[in-house]
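Novice: Take any residue in the sequence shown, note its place counting from 1, add 878, and you have its number in my numbering.
Cβ coordinates follow ideal geometry from the N, Cα and C atoms, glycine included.
The structure is given below, and queries will be raised subsequently.
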Amino acid sequence: MKSYYKVLSTSMFSLMLLSSAVPGSVFAAEQPAAQVSSSTEVAKDNSSTQNADALQEQTPILVDQASIPAVIQAMTLDEKVDLIGGAGAAVTGAAGGTFAIPRLGIPKLTFADGPAGLRFGSTANKSTTGFPIPTALSSSFNKDLMYNVASAMGKETLDYGVDVILGPALNIHRDPRGGRNFEYYSEDPVLSGEMAAQFTKGVQDQGVGVSMKHFAANNQETNRQSVNEIISERALREIYLAGFERVVKEAKPWTVMSSYNSINGPFSAHNSWLLNDVLRSDWGFNGMVMTDWGGSKNNGTAMLNGGNDLSMPSLNAVGKAAVKAAILDGSLPEEKLDTAIENILTLVVKSPTFKQLSTVDNSKLSVSSDLAAADAKLSREAAPEGMVLLKNENKALPFDKKVKKVGIVGNSYTMPSCGFGTPASACTTDNAASKMFLMGTGSAYVTPTHSVQLPEGLINGGYIPVKTNAGGAEINENLTAEDSAYMAQNSDIGVIVIARGSGEGADGNATTFEPSAKESALIQKVSAAYHAVNKKVVVVLNVGAPFNTVSWRDSVDSILLSWQPGMEAGNALTDVLSGKAYPSGKLPETFPVRLEDAPSYANFPSSDGNPNLVKYQEDIYVGYRYYSTFNVKPAYEFGYGLSYTTFDYSDFKLNKDNLSTKIKVSFKVTNTGTNAGKEAPQLYVSAPDGKLEKPALELKAFGKTRELKPGQKETFNFFIDPKDIASFDQSTSLWIVEKGTYKFKIGASSADIKGTIEFKVDNNIVAEVDNNNGPDVLLDRISKFNQ
């Protein structure tokens, strides 16, 4: 251990203090005090300090992982307690950072938001690339694309001198009204986990860290700081934790962010079962856990007991005093504090700041020009891959070559909650055809380097947008019959944009899901006018969550779900409308016919009239698992998405017909149409009921073809092992593959199955054993056996 000590002269020590100080640091405001009394008096503790002479003679310095124990031993209790609470960021506008301890060589780290791109507060005026929202990227079903976008985010993070980007966000789309569904990936844990794993790899391969969030079950915004969610252990393990598990095991995130909510009693940041038993013991996570901002409730003792290392954005004086008092009276073992310090310092030695891979320049207001150009191109290319073609009759899309003039009109919409740190201008539109929502708000909002709206994109694509009436006024949702007729007569095709903003801070409701009377009238007027002169109408859905199309979809020729497609929206959308690019997205969540059809409807965002209680009575039947098992027909099923071409699936094969170890599923996808395109095949498993009931089918693997020209084909090989198809038996804490006959179902969606292959399991297989400390909850759950 002595080899990690370095002797500091007084002059060297002074130099370290000067060089580590960062001008202009903004310290985060403290959150309200929580459970401990401010009257606690704690004497300065010197039990872990040396005298000043000894410190000057020999001070350990943080130089690498191996030096951490010596550094911890040399820290005072005050320094330790300071380090488990966050501090201001070195980079202006970033979300927060850690304390620096210059005498021990510990620098300040900086964290910034980033599930949809590197974000700084809007007043910082620092621009980065605005990529498509995470749900749009997940809709691509393209793991390589997700990796490439995340790599670009990582490079921009490094370029600004930030150490950790606060993403990926991979909570489950439990309900169509979830306020942050746009920021999350899917209703399915395999799709969520794979996309988040690629995000993690892409960012961390650039030398910066991620903070996988929000662990766990942060599935609503309503009362998110106080709500207690009652969830069975099986539903937690199979649905709400499974994506996080995949990321931990496949991509090894540097940090995890605990969520605000309580799960079966304890707050996530205080939940030892969640953070110690599951995350660290069962999954082998060895990184740092930080709270969401204010998530520790300033209760540092509960946080440390729960396995959470760092309180963000700070731990107030009362919280720090309580930790010190607990250490001194023995009620909190100092080893728990030391473990948190070790986890924090492990992050420090990995960081680009510690490795001097980047520098902080607060005069820097944009990413480097080479990155900005490359990432704008990537954002434009990424958007079409996630756009989902919901309807396309009469060859409305892509535009006929005769189309030159495009009539455009959109609805108006103002978000009920703008999301913190977001300019008001990003939360409203007077006419979505002229001003789409490019991204979500709150922690997912970035200040883009530039933005391209649809009129500009059409012009760039060689089209003439028609958006004014005979009098020269812009046509909007208040258009008259004469306006509709004028637009139809003076353009070759009509495009209606229906928008809903998405953001942190509020959940959706019927008004965010259903079209308003004015929006319905807009669609009907424009459609009638264009069809009267034998011209076609396209509706573009500029949304971040499911939107009801049932009442109006028969009135239009094509429906294109663009999501919120990023700062290159106008160019990317024009690329797809024109056929320069093609939509190849698939739905990552079910679009129901009615909100009432959602299995969580009666228990969102609360249960039993208690605003701080939610019962997850749908249990494992989330999204398509429910619709397919209970035969509830959706408007559009999970995995659905049309193309400008057609695909054939063939040559379904298994390398064996009995599962004991890994099994290979093979098949071919052929482009049988007349246009180039990409397809996203999906592999589902239907399992027999045994001791445990099973959904009708569950996604187990997916892929994306390369671009296939007409007649070209691609072979897929999916490898499935017992854990992939196992179910969690909470009575034994075992992952079990029950004996019986199983079916692999290969399809273009959860309902469009192209081929089925049976295989057998002769005897029960124990795929994994987890700890047996899980919650035992009383919950009246949906079951297919009591219908």
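Classify residue 1183 as helix, strand or coil using the three-state DSSP reduction.
Specialist: Within the sequence shown, numbered from 1, the residue matching residue 1183 stands at position 305. Looking at residue 1183 - three-state DSSP - the assignment turns out to be helix.
Novice: Who does residue 1576 pair with in a DSSP beta bridge?
Specialist: For the purposes of this step, residue 1576 is taken as the residue at position 698 of the sequence shown. Paired residues: 1563.
Novice: Consult DSSP for residue 1378 and reduce its assignment to one of helix, strand or coil.
Specialist: For the purposes of this step, residue 1378 is taken as the residue at position 500 of the sequence shown. Coil at residue 1378, not helix or strand.
Novice: Classify residue 1232 as helix, strand or coil using the three-state DSSP reduction.
Specialist: Start at 1 with the first residue of the sequence shown, and residue 1232 comes out as number 354. Reduced to three states, the DSSP call for residue 1232 is coil.
Novice: Taking the alpha carbon of residue 1255 as the reference point, which residue from 1357, 1595, 945, 1027 has its own alpha carbon closest?
Specialist: Looking up residue 1255 in the sequence shown gives position 377. Among 1357, 1595, 945, 1027, the Cα nearest to that of residue 1255 is on 1027.
Novice: Counting along the chain, where does the alpha helix (DSSP H) carrying residue 1110 start and finish?
Specialist: The sequence position of residue 1110 within the sequence shown is 232, counting from 1. Unbroken run through residue 1110: none, as it is neither H nor E.
Novice: With burial defined as no fewer than 16 other Cβ atoms inside 10 Å of the residue's Cβ, what is the status of residue 917: buried or exposed?
Specialist: In the sequence shown, counting from the first residue as 1, residue 917 sits at position 39. Because residue 917 carries a pLDDT of 33, less than 50, the predicted location of this residue cannot be relied on, and the following value inherits that uncertainty. Classification for residue 917: exposed.
Novice: Which runs of the alpha helix (DSSP H), 4 residues or longer, sit entirely within the segment 1104-1164?
Specialist: Fully enclosed alpha helix (DSSP H) runs of 4 or longer: 1120-1129.
Novice: Return the chain-ordered ranges of every beta strand (DSSP E) run that is complete within the segment 1210-1265 and spans a minimum of 3 residues.
Specialist: Those beta strand (DSSP E) runs which fall completely within the segment 1210-1265 and span 3+ residues do not exist here.
Novice: Using only the alpha-carbon positions, how far apart do residue 983 and residue 940 sit?
Specialist: Working through the sequence shown from its first residue, we reach residue 983 at position 105. Working through the sequence shown from its first residue, we reach residue 940 at position 62. Answer to the nearest angstrom: the Cα atoms are 5 Å apart.
Novice: Assign residue 1637 to one of three DSSP states: helix, strand, or coil.
Specialist: Position 759 of the sequence shown, counting from 1, holds the residue named residue 1637. Looking at residue 1637 - three-state DSSP - the assignment turns out to be strand.
Novice: What separation, rounded to the nearest whole angstrom, lies between the Cα atoms of residue 971 and residue 1000?
Specialist: Here residue 971 is taken as the residue at index 93 of the sequence shown, counted from 1. Here residue 1000 is taken as the residue at index 122 of the sequence shown, counted from 1. Cα to Cα, the separation comes out at about 8 Å.
Novice: Quick one: what does DSSP say residue 1333 is sitting in, helix, strand or coil?
Specialist: Here residue 1333 refers to the residue found at position 455 when the sequence shown is read from its first residue. Correct three-state label for residue 1333: helix.
Novice: Taking only runs of the beta strand (DSSP E) that begin and end inside the segment 1277-1352, which ones reach a length of at least 3 residues, in chain order?
Specialist: Segments of the beta strand (DSSP E) lying fully in the segment 1277-1352: 1283-1288, 1342-1344.
Novice: How many whole angstroms separate the CB atoms of residue 986 and residue 975, which I take to be in contact at a CB cut-off of 8 Å?
Specialist: Here residue 986 refers to the residue found at position 108 when the sequence shown is read from its first residue. Here residue 975 refers to the residue found at position 97 when the sequence shown is read from its first residue. That belief holds up - the Cβ atoms of residue 986 and residue 975 are roughly 5 Å apart, short of 8 Å.
Novice: Count the other CB atoms within 10 Å of the CB of residue 1661; is the residue buried (16 or more) or exposed (fewer)?
Specialist: Locating residue 1661 in the sequence shown gives position 783, where the first residue counts as 1. Burial call: exposed.
Novice: Checking 8 Å against the spacing of the C-beta atoms, do residue 1266 and residue 1439 come in under that value?
Specialist: In the sequence shown, counting from the first residue as 1, residue 1266 sits at position 388. In the sequence shown, counting from the first residue as 1, residue 1439 sits at position 561. Contact: yes.
Novice: Determine the contact status of residue 1124 and residue 1072, defining contact as a CB-CB distance below 8 Å.
Specialist: Here the question's residue 1124 lines up with position 246 in the sequence shown. Here the question's residue 1072 lines up with position 194 in the sequence shown. In this structure, residue 1072 lies closer than 8 Å to residue 1124 by Cβ.
Novice: Got a sec? Which residues, its chain only, sit under 6 Å from residue 1250 by beta carbon, not counting five neighbours each side?
Specialist: Stepping through the sequence shown from its first residue, residue 1250 is reached at position 372. So the qualifying residues of the chain are 1327.
Novice: For residue 1637 and residue 1238, I'd like the C-alpha separation in whole angstroms.
Specialist: One-based indexing of the sequence shown puts residue 1637 at position 759. One-based indexing of the sequence shown puts residue 1238 at position 360. Going by the C-alpha atoms only, they are around 57 Å apart.
Novice: Residue 988 by DSSP, collapsed to three states: which one?
Specialist: Counting from one through the sequence shown, the residue named residue 988 turns up at place 110. Reduced to three states, the DSSP call for residue 988 is strand.
Novice: Assign residue 1597 to buried or exposed, taking buried as 16 or more other Cβ atoms, counted over all protein chains shown, within 10 Å of its Cβ.
Specialist: Here residue 1597 refers to the residue found at position 719 when the sequence shown is read from its first residue. Counting Cβ neighbours within 10 Å, residue 1597 comes out exposed, since fewer than 16 surround it.
Novice: Go through the segment 1040-1112 residue by residue and report every complete run of the beta strand (DSSP E) that reaches 3 residues or more, in order.
Specialist: The qualifying runs are 1042-1044, 1087-1093, 1106-1108.
Novice: Sorted by chain position, which residues of the same chain lie with C-beta nearer than 7 Å to residue 1294's C-beta, five sequence neighbours on each side aside?
Specialist: In the sequence shown, counting from the first residue as 1, residue 1294 sits at position 416. Cβ within range, chain order: 1384.
Novice: On the DSSP bridge assignment, give the partners of residue 1168 in chain order.
Specialist: Mapped onto the sequence shown, residue 1168 falls at position 290. BP columns for residue 1168 point to 1135, 1188.
Novice: Between the alpha carbons of residue 1557 and residue 1060, how many angstroms are there, rounded?
Specialist: Numbered from its first residue, the sequence shown carries residue 1557 at position 679. Numbered from its first residue, the sequence shown carries residue 1060 at position 182. The straight-line gap from Cα to Cα measures roughly 23 Å.
Novice: Using only the alpha-carbon positions, how far apart do residue 837 and residue 1154 sit?
Specialist: Nothing can be reported for residue 837: it is not among the residues displayed for the chain, which extend from 879 to 1665.
Novice: Going by DSSP, what residue range makes up the beta strand (DSSP E) through residue 1619?
Specialist: As a first step, residue 1619 is located in the sequence shown; it is residue number 741 there, counting from the start. Segment 1618-1625, the beta strand (DSSP E) holding residue 1619.
Novice: Once the 5 residues before and after residue 1411 are set aside, which same chain residues still bring their CB inside 6 Å of it?
Specialist: As a first step, residue 1411 must be located in the sequence shown, where it is residue number 533. Result list for residue 1411: 1366, in chain order.
Novice: Would you list the one or two residues that DSSP bridges to residue 1595?
Specialist: One-based indexing of the sequence shown puts residue 1595 at position 717. Answer is 1544, bridged to residue 1595.
Novice: Anyone know if the C-beta pair for residue 1208 and residue 1193 falls short of 8 Å?
Specialist: Along the sequence shown, one-based indexing puts residue 1208 at 330. Along the sequence shown, one-based indexing puts residue 1193 at 315. Not a contact, by the Cβ cut-off of 8 Å.
Novice: Among all the DSSP beta bridges, which residues are the ones paired with residue 1605?
Specialist: Counting from one through the sequence shown, the residue named residue 1605 turns up at place 727. DSSP, once it has assigned bridges, lists 1614 as partnering residue 1605.
Novice: From residue 1465 to residue 1563, what does the alpha carbon distance come to, in whole angstroms?
Specialist: By 1-based counting over the sequence shown, the position of residue 1465 is 587. By 1-based counting over the sequence shown, the position of residue 1563 is 685. About 19 Å.
Novice: Just reading off the beta strand (DSSP E) that residue 1493 is part of, what are its end residues?
Specialist: Taking the first residue of the sequence shown as position 1, residue 1493 is located at position 615. Run containing residue 1493: 1491-1493, per the beta strand (DSSP E) assignment.
Novice: Answer with buried or exposed for residue 1214, where buried requires no fewer than 16 other C-beta atoms within 10 angstroms of its C-beta.
Specialist: Taking the sequence shown and counting its residues from 1, the one referred to as residue 1214 is at position 336. Buried, because 16 or more other Cβ atoms sit within 10 Å of the Cβ of residue 1214.
Novice: For the segment 1425-1466, which segments carrying the beta strand (DSSP E) assignment without a break, of at least 3 residues, lie completely within its bounds, in sequence order?
Specialist: Runs found: 1436-1439.
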